[in-house]
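So the structure is just underneath, and the comments pick up after that.
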Amino acid sequence: MKAEHGRRYFLCAMAALWSVGASAQEALPTIEVGAAAKHAAMQVAAPAPTPAATASAPQPFADPANPFERELLPKEGANIYALDRAAIEALPQGDQTPLEKVLLQTPGVSQDSAASGNLHIRNEHANVRYRVDGILLPDGVSGFSQLMETSFASSMSLVTGALPAQYGLRTSALVDIVSRAPPTTPGGSVTLYGGSHGTGQTAFDYGAKIGQWEVFAAGRLVMNSLGIENPTSSYEAIHDRTRQGRFFGFLSYAVDDATKLSFITGTSVANYQIPNNPGQPPQFTAFGIGYFDSGKLNENQVERSYYNVVALTHAGGDIDTQLSYFSRYSELHFVPDEVGDLVFNGVSSDIYRSSFVNGLQGDGAYRIGGGHTLRAGFTASGENTQTVNSSIIEPLDVNGNPIDAPFGVSDRNSKLGWLTGIYAQDEWKITDLLTLNSGLRFDQMWQFVDANQLSPRVSVVYKPANETAFHIGYARYFTPPQQALAVPTNLALYNNTTQQPSVPLSSPVRPERANYIDTGVTQKLTKELEVGVDAYFKRARNLIDDGQFGQALVLTAFNYDRAYNTGVEFKSVYQSGDFRAYGNLAWGRQRATKVISNQFLFGADEFPYIATNYIYTDHAQTWTGSAGASYRWLGTLVSADLIYGGGLRSGFANTDHVAPYTQVNLGLSREFSTPWGKPVTLRFDVVNLLDYPYAIRGGSGIGVFAPQYAPRRGFFAGLKQEF
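Sequential numbering of the sequence shown, starting at 2, is according to this note's numbering.
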């Protein structure tokens, strides 16, 4: 069929999808399938990099022809927005860009503060799963730190929509990362990077391939004054130094041409100072002290996380299999300013959380002929969580006034919980133009609540023309809360104290259950330009949300009884020679009603209002956009990107929102040859070029404790030496 016909199909479909989205308040992600995959493959090979939507998913072991990814871990019918290695390196800051900042350049991903999870995908709070080289990483304790290190990624894909049956539990998005393949000749690089806000970074990577062995390692040490967002619009925050270290290692052994044994390990250790907001009025008297300079508070947080994966993969003949063992340990410790926190908040909480997860994952694919590929698999994990909330509080007199007689209480909890899941699915290529993927998934949880669900999944992909791909899919989702965030609270400890809740209810956090519909189309309009439009609609029961309720920068989960999430996403990418550009725009809406768990977190005025009204969730943002371009001129790479946000929610019951904002970043890099034969790369970057002091959070809204402002303009320079 001619390309003109394909464009006509696309324009009609785009108009229909926009109409459906506007009337039903639905949203649309980006689908990268079929003919678009050919275009993506060309983009991956292109030497001039900039983030762009590509159609193909990254391949494990950096082998585009590897049947493992194609057959064992497909994403048929889902939306895939892929960034290859060149695209990541072309971002302003390149490899120094934190992973969450890379994801902000993909459709429907909105920025948030570190205390609220850094980012949201399609207006969901968290519910994101990370996969490295085909292995799903288990949940840990939520904190500020990003476990993943950008420099070790060969490519990454953001996968959203109606996911196939093999993807469960965390379903708002899958961040699929493929580690870098080692070079044919052993070698690596060392990088020094630094600049504004007291920033200093050192990083290294090394890879080698020797016989049947492959090894790759990457690490980074970071120090700056940008650990957590500034609570004021000033250029530098008070008391905000951070020290962070991350490491990633990959080792594999090729048993034979079809079998590989792999080992993945990673570590993240981070120390944070909690920034201060000067000039705050004291609210209590503690230990005889009625005045305290809020600019001299000394709160700190330490986070540690370690994970290990061993996987045996076989890809050959008509059967592909993978069996893996995974483990993850993570901990978080918030240390308060004992006197200062009491003076300002009436409570000083020392909070410790830890999580230790061990599990097995198995996947298999069998091609039975007739266009059918059968897939099945399982996952099973056990998680032991430990939580200790040690608080110093004050009693109340008969009139409800605080008495300066602080005393301590301790709320401890330990839980061994289990998650299991099995799935079966059939991918049926009915014709060369039409593919049906259907399956069933069953998940069971034994945690603070025991529950299960049988979840059907089905999607259809139709390619009426070589450069056109339609898809539509339905998924039933089952999402358990993160066990460490769903720990029950002993409210009796806080009766007649400064921490006595106004709503004395603490129902357990329940798993979320949702129906999800996703549909969209991509079209290559010209040789250089590809565009897409997608929509989604989600109806949920027991919607899971998290928030920071109190001065300790830790999250606590709760449920809304009912919710819906809808939106529309547009994407485009243009590439011509050494010039590449992309643009994404998303409209979305998530609203919910009636809090049904951990009700004590809410005030006496908000709780009844939410019970009778649909409100915006605090992380919902109506408009989200990103764009960027890069051009390689005479060996110098010039790049720019921007993000736009319509503003997260604020005010009573999230009825308001913070002001819209735009942040622009610039980058300049060039590689120079050296007499010793190993190139040196110099780079210069400007972050927040316009120095716009915009607020990510305004300090009000559900689960928002303090204002958080984006970093002011910064200038950074780096040197990378290969060896």
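Ideal Cβ positions, reconstructed from N, Cα and C, are used throughout, including at glycine.
Buried or exposed, going by whether 16 or more other CB atoms sit within 10 Å of the CB of residue i?
i: residue 615; result: exposed
i: residue 698; result: buried
i: residue 636; result: exposed
i: residue 686; result: buried
i: residue 213; result: exposed
i: residue 388; result: buried
i: residue 413; result: exposed
i: residue 527; result: exposed
i: residue 487; result: buried
i: residue 370; result: exposed
i: residue 360; result: buried
i: residue 588; result: buried
i: residue 554; result: buried
i: residue 1; result: Lying outside 2 to 724, the shown extent of the chain, residue 1 is not represented and no answer is given.
With DSSP as the reference, label residue i as helix, strand or coil.
i: residue 73; result: helix
i: residue 144; result: Because the pLDDT at residue 144 is just 48, under 50, the model does not fix this residue reliably, and the value given afterwards should be weighed accordingly. Residue state, collapsed to three classes: coil.
i: residue 151; result: helix
i: residue 59; result: Because the pLDDT at residue 59 is just 30, under 50, the model does not fix this residue reliably, and the value given afterwards should be weighed accordingly. DSSP places residue 59 in coil when its eight states are reduced to three.
i: residue 236; result: coil
i: residue 322; result: strand
i: residue 242; result: coil
i: residue 24; result: Reliability fails at residue 24, whose pLDDT of 40 lies under 50, so the model's placement of it is uncertain and the value that follows must be treated cautiously. Reduced to three states, the DSSP call for residue 24 is helix.
i: residue 655; result: helix
i: residue 51; result: Confidence at residue 51 is low in this model, with a pLDDT of 36, below 50, so its placement is unreliable and the value that follows should be read with caution. Here residue 51 sits in coil by DSSP.
i: residue 427; result: strand
i: residue 721; result: strand
i: residue 300; result: coil
i: residue 726; result: Because the chain spans 2 through 724 in this model, residue 726 falls outside it and cannot be assessed.
i: residue 294; result: coil
i: residue 725; result: The requested residue 725 does not occur in the structure, where the chain is confined to residues 2 to 724.
For the candidate residues the options, whose alpha-carbon lies nearest to that of residue i?
i: residue 354; options: 415, 542, 408, 425; result: 415
i: residue 140; options: 347, 509, 367, 306; result: 306
i: residue 380; options: 79, 651, 136, 124; result: 136
i: residue 149; options: 229, 634, 261, 265; result: 265
i: residue 383; options: 445, 333, 429, 618; result: 445
i: residue 125; options: 640, 703, 592; result: 592
i: residue 453; options: 462, 443, 292; result: 443
i: residue 641; options: 648, 651, 628; result: 628
i: residue 299; options: 534, 542, 552; result: 552
i: residue 535; options: 235, 521, 420, 104; result: 521
i: residue 411; options: 400, 393, 425, 421; result: 393
i: residue 267; options: 73, 280, 219, 710; result: 219
i: residue 623; options: 561, 560, 645, 166; result: 645
i: residue 460; options: 438, 580, 132; result: 438
i: residue 434; options: 185, 174, 462; result: 462
i: residue 309; options: 197, 174, 133; result: 133
i: residue 210; options: 254, 585, 597, 609; result: 254
i: residue 366; options: 349, 324, 336; result: 324
i: residue 417; options: 484, 85, 511; result: 484
i: residue 317; options: 106, 256, 458, 238; result: 256
i: residue 564; options: 576, 612, 554; result: 612
i: residue 321; options: 643, 449, 368, 351; result: 368
Whole-angstrom Cβ separation of residue i and residue j, contact assumed at under 8 Å?
i: residue 708; j: residue 700; result: 4 Å
i: residue 328; j: residue 356; result: Between residue 356 and residue 328 the Cβ distance is about 11 Å, and since that is not below 8 Å, they are no contact.
i: residue 428; j: residue 374; result: 4 Å
i: residue 199; j: residue 226; result: 5 Å
i: residue 601; j: residue 469; result: No, residue 601 and residue 469 are not in contact; Cβ-Cβ is about 53 Å, not under 8 Å.
i: residue 109; j: residue 625; result: 6 Å
i: residue 714; j: residue 690; result: 7 Å
i: residue 566; j: residue 595; result: Contact flag wrong, Cβ pair sits at about 16 Å.
i: residue 113; j: residue 649; result: 7 Å
i: residue 725; j: residue 191; result: The structure shown has nothing for residue 725, since the chain only spans 2 to 724.
i: residue 193; j: residue 720; result: 5 Å
Got a sec: is the Cβ-Cβ distance from residue i to anything in chain D below 9 Å?
i: residue 401; result: Within the model displayed, chain D is absent; a lone protein chain is all it includes.
**Asked** Per the contact definition of three or more C-beta pairs closer than 8 Å, is the stretch 541 to 548 in contact with the stretch 342 to 356?
**Response** No, they do not touch.
**contact_flag[the stretch 75 to 83, the stretch 150 to 163] where n(CB pairs < 8 Å) is 3 or more** = Yes, since at least three Cβ pairs between the stretch 75 to 83 and the stretch 150 to 163 fall closer than 8 Å, the two stretches touch.
**Prompt:** Below 8 Å, can you find three or more Cβ-Cβ pairs linking the stretch 257 to 276 to the stretch 214 to 233?
**Reply:** The stretch 257 to 276 vs the stretch 214 to 233: in contact.
**the stretch 162 to 170 in contact with the stretch 650 to 665 per 3-pair CB rule at 8 Å** = The count of Cβ pairs closer than 8 Å, one atom from the stretch 162 to 170 and one from the stretch 650 to 665, stays below three, leaving the stretches out of contact.
**Message:** Closer than 8 Å is the cut-off here; do at least three beta carbon pairs connect the stretch 463 to 480 with the stretch 563 to 577?
**Reply:** Taking one beta carbon from each stretch, the stretch 463 to 480 and the stretch 563 to 577 have fewer than 3 pairs nearer than 8 Å; the two do not touch.
**Message:** For the stretch 476 to 489 against the stretch 393 to 402, do three or more pairs of beta-carbon atoms, one drawn from each stretch, fall closer than 8 Å, so that the two count as touching?
**Reply:** No: the two stretches stay apart, fewer than three of their Cβ pairs being nearer than 8 Å.
**Asked** Using 8 Å as the Cβ pair cut-off and three pairs as the minimum, do the stretch 492 to 507 and the stretch 183 to 199 touch?
**Response** Short answer: they don't touch.
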